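Colleague: I'd like to ask some things about the structure below.
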Amino acid sequence: MASLKKASSLSSSAPPLKQKRKRPRVTEQPKKGSFRNIQPPLTQGILDFLDSKNFHTMTPVQEATIPLFLQNKDVAVQAVTGSGKTIAFLVPTVQRIRQRLTPLLKHQIGALILSPTRELALQTWTVCSELCEAVQMAPPLLLVGGGRSGKSGGLNHRPVTEDLKTFHRESNDIIIGTPGRMDDILTRYNVLDVTELEILILDEADVLLFGRTVIDPTIASILNRLPKMRRTGIFSATTTFTSNKSVKPLLQRAGMRNPVLINVQVAANEKSRPVLSTTYTPTSLTNYYLVTKLEEKICRLAAFLQSHRHEKTIVFFLTCACVDFYGTAFQHLLDSTKSNKSNDKGEDNDAQDQDGLTIELLHGKLLQKKREKAMVRFRESKSGAVLFATDVAARGLDVTDIDWVVQVDAPQDPSQFVHRVGRSARAGRLGSSLLFLTEKEESYVDLLANRQVSMQELPEREKDDTMTPINDNGNIIPFLPKIRGIVLKDRDFLEKGTKAFTSYIRAYKEHVCRFIFRFASLDLGHLATSFCLLRLPKMPELREFNGKLKYFLSAGPEVDIYKIPFLDKARETTRQKRLAVELAAGGKNAKQIKAEQKKADQVMRSKERRKVAVDKGRNPDKKRGRNAQIVDEWEELAKEERLYKKFRRGKITKEQYEELMFGSLKTNDDTPKNVAAEQESSSDDDEDK
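In the UniProt record's numbering, the protein residues as written are 1 to 689.
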């Protein structure tokens, strides 16, 4: 006890020890604009999915849309491309279907999402599949013109019945599709039960709804089959719902009751709030234009791509055939991987200093598998990559690291301009676009300004990147002769160029802004040269020129177009068989082929005579007198008349006559038939005399 007391006294006399205060546990509060602040709150599975994608803070369009949609409001949303609209409608859609009080029965669907293109539908399906997996829901079903192949989501052309078998097997709650396929299934097959449908989403509504004064019949057919009591979300990058009174009747036709109209602008790299916007392009995007000559466009494009070979670029053309022709030519000349493959086949390789530039093609007439492979290679390219495309790539392609969008041709509809340039500067990143215009098209810049799209002329330092050397005359562009050289070797390029030229002319005539893009002002001669044509095709638009266009550099008469082969041996074999049949049948094509061959043979003989004259020391360039020219012409005419008389008298056959007039076929003893016949003709002439 004493010891205890002593210890107690010692302890009492000692100064009291300071006890550490326990700091209260502070829980980290969600940041302003966080997905965790949404009311009603999102499920943990959705939050985990967003965290895994590094989506911690909502974009303005998501902050304005998601809470309203979760509170049973119809929404009509306008926001620039790349602002996060897909997440803005997928998150509330999955949340509402997942939290239904009564689960959907088999064959019942809870949500329908319509997209105008297969690419956009596939992109939405990919994101939605991951989101459904995160909340342990059945994956969505993709119903498009191609269908879904396996777990990868790839598209292929399979019948509708295959899609329906998938629906029977998986019992999907959400369907994502294109209007045509969806209407076909709802009309012809009594399989989908839409009585419990809660949500309808129309993505890119400016195409589905507002591109016309009345709702598209396909969309109207789908809407008529859906229940009236549903939530509808309409999303667009260009249609302003708050100020455009003409769209409100269409909103009512779409089944929207007192919708909340939302217009959102996204600022570059800032935590901006939703504001009313009249700008239809991302603020982080800089739009440039370059006024150039028509015949210099392709040359400048080649120089630009070489200068930006380490960046990702999308190049837009007016038609599928233009993408096919120029894309294939650029692959041959600038893409080292593809030009090397050509080199293995024995072709000349003009590619030089490419540093791994990859060129891919994408257009509506390309096979779906090729489209998918092209997009995979373009997305996964770590160095420079270029995608030659039509407007099929203007919507639904979410490649976040695109640096430049180049438009060789302005779109037919100016509303497409916003969607094209919107492929760059996505999610607040910086991006640039470049539009090529001729002097007569420069007023297009003012039209875009009236549509709240700001443009500025390309700076001088960037213009230098599009300059290439020209010859002394200032007309011949170095890059075009390279393409022309390919055309002279491979008939595939010859036919591609002709198709591209004709398709361009017809598309140019269909411009919405015809007061700017006037066909009458189009320089057809330089245009034909830029497509590396050897002869002008027969088409109504060229009939008045009678085969002669100013500034058109056609191939000389020494070039026999019918002798240009396909480098693909199988195609060339098929062509030769077809030519033989046409020649045997006679008719217009046969006459044209023979005339072409005759003209080429005459030029070749003239060159041979010139060579002989030079070898003998004579000057072939010395002008002959008018008398000598007249004598030669009369002799040629008399020779043709004698041959015709002999044919009429039966002294020579039709085949011999045609050989003497149009060609020089070999006899069995390797002696030209025309030489033998000429000798026989001379002896007959002596008898006549």
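Glycine is no exception: its CB is placed at the ideal position from the N, C-alpha and C atoms. Quick caveat: nothing in here was measured; it's all calculated off a predicted structure.
Output yes if chain C places a C-beta closer than 8 Å to the C-beta of residue 59; else output no.
Modeller: The structure shown contains no chain C, having only a single protein chain.
Colleague: For the putative contact between residue 390 and residue 323, defined by C-beta atoms under 8 Å, what is the C-beta separation to the nearest angstrom?
Modeller: Right, the Cβ-Cβ distance comes to about 6 Å (below 8 Å), so this counts as a contact.
Colleague: State the DSSP-derived secondary structure class of residue 223, mapped to helix, strand or coil.
Modeller: Reduced to three states, the DSSP call for residue 223 is helix.
Colleague: Quick one: grab the DSSP three-state call for residue 111.
Modeller: Residue state, collapsed to three classes: strand.
Colleague: State the DSSP-derived secondary structure class of residue 78, mapped to helix, strand or coil.
Modeller: If DSSP states are grouped into helix, strand and coil, residue 78 belongs with the strands.
Colleague: In the DSSP assignment, the beta strand (DSSP E) including residue 289 goes from what residue to what residue?
Modeller: From DSSP, the beta strand (DSSP E) with residue 289 extends over 285-291.
Colleague: Just list the residues that DSSP pairs residue 312 with in beta bridges.
Modeller: Looking at the DSSP assignment, residue 312 forms a beta bridge with 385.
Colleague: Does the stretch 248-257 come close enough to the stretch 390-405 to have 3 or more Cβ pairs within less than 8 Å?
Modeller: No, the stretch 248-257 does not touch the stretch 390-405.
Colleague: Any contact of the stretch 414-425 with the stretch 358-372, i.e. 3+ C-beta pairs under 8 Å?
Modeller: They do not touch, by the three-pair rule.
Colleague: So, with DSSP's three-state summary, where would you put residue 471?
Modeller: In this prediction, residue 471 has a pLDDT of 41, which is less than 50 and means its spatial position is unreliable; what the coordinates show is noted afterwards. Correct three-state label for residue 471: coil.
Colleague: Count the other CB atoms within 10 Å of the CB of residue 163; is the residue buried (16 or more) or exposed (fewer)?
Modeller: It counts as buried.
Colleague: Measure from the alpha carbon of residue 260 to the alpha carbon of each residue in 74, 513, 568, then state which is nearest.
Modeller: Ranking 74, 513, 568 by Cα distance to residue 260 puts 74 first.
Colleague: Which class does residue 143 belong to by DSSP, given the choice of helix, strand or coil?
Modeller: Residue state, collapsed to three classes: strand.
Colleague: If we count the other Cβ atoms within 10 Å of its Cβ and call it buried at 16 or more, is residue 646 buried or exposed?
Modeller: It is buried - the Cβ of residue 646 has at least 16 other Cβ atoms within 10 Å.
Colleague: Ignore the nearest five residues each way along the sequence and tell me which others in residue 327's own chain have a CB closer than 7 Å to its CB.
Modeller: Contacts found: 359, 361, 388.
Colleague: Name the one or two DSSP bridge partners that residue 231 has.
Modeller: Residue 231 pairs with 199.
Colleague: Count the other CB atoms within 10 Å of the CB of residue 446; is the residue buried (16 or more) or exposed (fewer)?
Modeller: Residue 446 should be labelled exposed.
Colleague: Leaving out the 5 sequence neighbours to the left and right, which residues in its chain are closer than 6 Å to residue 128 when beta-carbon positions are compared?
Modeller: Excluding positions up to five away in sequence, the list reads 90, 140.
Colleague: Looking at the unbroken alpha helix (DSSP H) that takes in residue 117, where does it start and where does it end?
Modeller: No alpha helix (DSSP H) holds residue 117; DSSP gives it neither H nor E.
Colleague: Between the stretch 518-525 and the stretch 479-490, can you find at least three pairs of beta-carbon atoms closer than 8 Å?
Modeller: No, because fewer than three Cβ pairs between the stretch 479-490 and the stretch 518-525 fall closer than 8 Å, the two stretches do not touch.
Colleague: Determine the closest residue to residue 110 out of 199, 35, 178, with distance taken between C-alpha atoms.
Modeller: Out of 199, 35, 178, 199 has the C-alpha closest to the C-alpha of residue 110.
Colleague: If you draw a straight line from the C-alpha of residue 274 to the C-alpha of residue 503, how long is it?
Modeller: With a pLDDT of 39 at residue 274, under the threshold of 50, the modelled position of this residue cannot be trusted, and the question is left open.
Colleague: Just to confirm the assignment, what range does the alpha helix (DSSP H) spanning residue 161 have?
Modeller: Unbroken alpha helix (DSSP H) run through residue 161: 160-170.
Colleague: By DSSP, does residue 57 sit in helix, in strand, or in coil?
Modeller: DSSP places residue 57 in strand when its eight states are reduced to three.
Colleague: Just checking my contact of residue 492 with residue 560 at CB under 8 Å: how many whole Å lie between their CB atoms?
Modeller: 17 Å between Cβ atoms; not a contact.
Colleague: Looking at the unbroken alpha helix (DSSP H) that takes in residue 503, where does it start and where does it end?
Modeller: Taken as a continuous stretch (DSSP letters only), the alpha helix (DSSP H) holding residue 503 covers 491-508.
Colleague: Between the alpha carbons of residue 683 and residue 643, how many angstroms are there, rounded?
Modeller: Confidence is the limiting factor: at residue 683 the pLDDT is only 43, short of 50, which leaves the residue's position unreliable, though a coordinate-based value still follows. Those two C-alpha atoms are separated by around 13 Å.
Colleague: Following the continuous alpha helix (DSSP H) through residue 582, name the residue where it begins and the one where it ends.
Modeller: Counting along the chain, the alpha helix (DSSP H) containing residue 582 begins and ends at 569-585.
Colleague: Apply the 10 Å Cβ neighbour rule to residue 570 and answer buried if 16 or more other Cβ atoms are within range, or exposed otherwise.
Modeller: Flag for residue 570 reads exposed.
Colleague: Excluding the five sequence neighbours on either side, which residues of its own chain have a C-beta within less than 7 Å of the C-beta of residue 329, listed in chain order?
Modeller: Excluding sequence neighbours, residue 329 sits near 483, 486, 493.
Colleague: For the ligand PLP, I want to know if residue 307 counts as a neighbour, meaning its beta carbon is within less than 7 Å of at least one of the ligand's heavy atoms.
Modeller: Because no ligand of any kind appears in the structure shown, any question about the ligand PLP cannot be addressed here.
Colleague: Let's see if you can read the secondary structure: which residues bound the alpha helix (DSSP H) around residue 94?
Modeller: Its alpha helix (DSSP H) spans residues 85-98.
Colleague: Under a Cβ-count criterion, where at least 16 other Cβ atoms within 10 Å of its own Cβ denotes burial, should residue 197 be classed as buried or exposed?
Modeller: Burial call: buried.
Colleague: The alpha helix (DSSP H) with residue 460 in it runs from where to where?
Modeller: Segment 460-463, the alpha helix (DSSP H) holding residue 460.
Colleague: Can you name, in chain order, every residue of its own chain whose Cβ lies under 7 Å from the Cβ of residue 72, other than the five neighbours on each side?
Modeller: Contacts found: 231.
Colleague: Could you tell me the alpha carbon to alpha carbon distance between residue 283 and residue 64, rounded to whole angstroms?
Modeller: Approximately 19 Å, taken between the alpha carbons.
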